[in-house]
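Each residue of the sequence shown is one higher than the one before, counting from -15 in the working numbering.
Here's the structure we're looking at; comments come further down.
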Amino acid sequence: MLKVGITGGIGSGKSTVCRVFDQLGIPVFYADEEAKRFLNEDDAVREYIIELFGEDLYDTNNKLIRPKLASLIFNDKLALSKINSFLHPVVINYFNQWADQQKGPYVIEEAALIYESGHDKLFDKIIVVTAPLEIRISRVMERDSISREKVLERINNQLDEETKRKKADFIIENDNRQMLIPQIINIHNLLFS
-15 MLKVGITGGI GSGKSTVCRV FDQLGIPVFY ADEEAKRFLN EDDAVREYII
35 ELFGEDLYDT NNKLIRPKLA SLIFNDKLAL SKINSFLHPV VINYFNQWAD
85 QQKGPYVIEE AALIYESGHD KLFDKIIVVT APLEIRISRV MERDSISREK
135 VLERINNQLD EETKRKKADF IIENDNRQML IPQIINIHNL LFS
């Protein structure tokens, strides 16, 4: 079974693309959602975060206060690197266990930082979802109710889109001009054959 990674910058539309693959019957693993779950539910991950930043990052119900963590890590590349180097292997291990239990010609992992984390080597194929910068900024501001400056901080912590495009096996243009579904079905047919 092929392992396919889907990546792209924040606000590019990765999750939208993955929902279409899901509708086509392809199992999709949402790495960023799993990472959030581990931050809240995994004792070892929680202990590591507390060791790095202190207990005040978790509320009285032991739930991560995500805006507080975001304000720390998106302004400190070393802190972001420490969290990613600890959390990414946990999520990748879980993905591999999950993938082994799936049926079908291929599985998909959706993750924002496939190239940045060096995990691109774990996939047989990688799809990059792209969108113009202003569209991405607008989408994230609306979705996350954050300022333009906060969106740009997050974008600046990711690999530039042109580099991702050069490394990709497939590119999906999510620019509000080209239709998404035909692009996805074309890639699906190539992966399915």
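Glycine residues also receive a C-beta, built at the ideal position from the N, C-alpha and C atoms.
None of these values were measured; they are calculated from a predicted model.
Local conformation of Lys47 per DSSP, three classes: On the sequence shown, position 63 is the one that residue 47 refers to. If DSSP states are grouped into helix, strand and coil, Lys47 belongs with coil.
- request: Jot down the residue ranges of each uninterrupted alpha helix (DSSP H) in the stretch 34 to 104, minimum 4 residues, whole runs only, in chain order.
  value: 50 to 57 and 61 to 84
query: What are the boundary residues of the beta strand (DSSP E) that Leu143 is part of?
result: On the sequence shown, residue 143 is found 159 positions in, with the first residue counted as 1. Leu143 -> no beta strand (DSSP E), and no H or E assigned at all.
- request: Tell me whether Leu(-14) sits in a helix, a strand or coil according to DSSP, three-state version.
  value: As a first step, residue -14 must be located in the sequence shown, where it is residue number 2. DSSP places Leu(-14) in strand when its eight states are reduced to three.
query: Would Lys87 be called buried (16 or more neighbouring beta carbons within 10 Å of its own) or exposed?
result: If you number the sequence shown from 1, residue 87 lands on position 103. Looking at its Cβ environment, which holds fewer than 16 other Cβ atoms inside 10 Å, Lys87 is exposed.
- prompt: What does a CB cutoff of less than 6 Å around Tyr32 pick up in its chain, not counting 5 residues either side in sequence?
  reply: The residue labelled residue 32 in the question sits at position 48 within the sequence shown. The answer, listed in chain order, is Phe70.
Distance between Ser177 and Leu62 (C-alpha atoms, nearest Å): In the sequence shown, residue 62 corresponds to position 78, counting from 1. In the sequence shown, residue 177 corresponds to position 193, counting from 1. Looking at the two C-alpha atoms, the distance is approximately 43 Å.
When Ile168, Ala19, Val29 and Tyr42 are compared against Thr114, the one with the closest alpha-carbon: Residue 114 sits at position 130 when you count from the first residue of the sequence shown. The candidate whose alpha carbon is nearest that of Thr114 is Ile168.
message: I'd like to know if the stretch 43 to 53 and the stretch 110 to 125 are in contact, where contact means that at least 3 CB-CB pairs between them fall below 8 Å.
response: no
message: For a test of the three-state rule: what should DSSP assign to Val107, helix, strand or coil?
response: As a working note, residue 107 is residue 123 in the sequence shown. The sequence given here places Phe at residue 107; Val does not occur at that position. Phe107: coil per DSSP, three-state reduction.
query: DSSP beta-bridge partners for Ile155?
result: Reading the sequence shown from its first residue, position 171 is the one you call residue 155. According to DSSP, which records beta bridges pairwise, Ile155 is partnered with Val112.
query: Quick one: what's got a C-beta closer than 7 Å to His103's C-beta in the same chain, skipping five residues either side?
result: Working through the sequence shown from its first residue, we reach residue 103 at position 119. Only His72 and Ile76 meet the Cβ criterion.
- prompt: What residue range is occupied by the uninterrupted alpha helix (DSSP H) comprising Ser122?
  reply: As a first step, residue 122 must be located in the sequence shown, where it is residue number 138. Counting along the chain, the alpha helix (DSSP H) containing Ser122 begins and ends at Leu117 to Asp128.
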